[in-house]
Amino acid sequence: MERRHFLLGAASTAAAPLVTSLIPSIAQAAATTAKTPAPTDSTYQRDEILRAGSDFLGVTVEALGGAIEKIFADYGDRPTAYIAGEEVSGAVVVGLRYGKGLIHMKSLASPEKIFWRGPSVGFDTGGNASRVFALVYQLTDLQEIYQRIPGVEGSAYFVGGLGVNYQQTDDLIVAPIRAGVGFRLGASVGYLAYSKTRKWFPA
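This is the structure:
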């Protein structure tokens, strides 16, 4: 019995320095983990959007502010991407719309080209050649936007001379703001199909 106690005591004594030496290492590892910085914010703030949008559309921050605030109220104030481009469109009853631009995401080294096209079906009149500045929500992977995105029925409105409407598929939301020559007002639903390259036929 005494021999057993002796062996256990010796084992405990031998293990003590090992345990003691491990404590600083464990503490250091925990500290290192705690100090790991959070991932870089992948969303855009209000001021970034207002500055980029007003510069591109050629309007004042005040003029753009009304449209931006309405979109922010509907979908939040931290879009994950934005598109700056140009499009041409026209309709009597059934219209077509084609556009091209650059999509900006903080995860991209530089903006990527993007194209869109689609029909516009509804009670529309007039034609339009316009600049488009679109906010994009819930886009974490650029590839996700290359698809057909339906328009949200009844979402078209005008704020301060700028036209706004919404497109949505699942959680992905695109909110284009348009400024340009011409007049378009109607109950269009339709859709836009986004792609990496130019395509002439509606998807």
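Under the numbering used here, read the sequence shown as residues 473 to 675, first letter to last. Cβ atoms here follow ideal geometry from the backbone N, Cα and C, with glycine treated the same way.
| request: Could you tell me how far apart the beta carbons of R589 and K671 are, in whole angstroms, since I believe they sit closer than 8 Å? | output: About 6 Å separates the Cβ atoms of R589 and K671, confirming a contact at the 8 Å cut-off.
| field | 7 Å Cβ shell around T515 - same chain, five flanking residues per side excluded | value | Only R550, P551, T552 meet the Cβ criterion.
| field | For L536, the three-state DSSP class (helix, strand or coil) | value | Correct three-state label for L536: helix.
| task | Compute the beta-carbon to beta-carbon distance between A606 and I540, rounded to the nearest angstrom, for a pair I have assumed lies under 8 Å. | result | About 12 Å; that fails the 8 Å criterion.
| field | For L614, the three-state DSSP class (helix, strand or coil) | value | The three-state reading of DSSP puts L614 in helix, counting H, G and I together.
| At a Cβ threshold of 8 Å, is L580 touching chain D? | In the structure shown, chain D cannot be found, because there is only a single protein chain.
| Where the alpha helix (DSSP H) through F528 begins and ends | Counted as a single uninterrupted DSSP element, the alpha helix (DSSP H) harbouring F528 occupies residues 518-529.
| Comparing alpha-carbon positions, which option in E584, G633, Y629 lies nearest I543? | Y629
| message | By the three-class DSSP mapping on this structure, what secondary structure does G542 have? | response | One point to set straight first is that residue 542 is Lys, not Gly, in the sequence displayed. Looking at K542 - three-state DSSP - the assignment turns out to be helix.
| said: Quick check on DSSP: helix, strand or coil for Y547? | reply: helix
| query | Should A501 go down as buried or exposed, given a rule of 16 or more other Cβ atoms within 10 Å for buried? | reply | For A501, the predicted structure reports a pLDDT of 40, less than 50, and the residue's modelled location is therefore unreliable. The matter cannot be settled from this model.
| message | Short of 8 Å in beta carbon distance, which residues of its chain neighbour L574, apart from the five on each side in sequence? Order them along the chain. | response | I555, A556, G557, P583, E584, K585, I586
| message | Is the separation between the beta-carbon of I621 and that of Y663 shorter than 8 Å? | response | yes
| Inter-residue Cα distance where the pair is S526 and L634 | 12 Å
| task | Within the same chain, show all residues whose beta-carbon is closer than 7 Å to that of F528, passing over the 5 residues directly before and after it, in chain order. | result | A556, R603, F605
| request: Apply the 10 Å Cβ neighbour rule to L580 and answer buried if 16 or more other Cβ atoms are within range, or exposed otherwise. | output: Per the 10 Å Cβ criterion, exposed.
| said: Which same chain residues end up closer than 6 Å to D643 when comparing Cβ atoms and leaving out the 5 residues on each side of it in sequence? | reply: Q610
| request: Assign F685 to one of three DSSP states: helix, strand, or coil. | output: Outside the modelled stretch of the chain, which goes from 473 to 675, sits residue 685, for which no answer is possible.
| message | Taking the alpha carbon of P534 as the reference point, which residue from E616, D519, V646 has its own alpha carbon closest? | response | Going by the sequence as given, residue 534 is Glu instead of Pro. Out of E616, D519, V646, D519 has the C-alpha closest to the C-alpha of E534.
| When we look at the beta-carbon of Q615 and count the other beta-carbons within 10 Å, is it buried (16 or more) or exposed? | exposed
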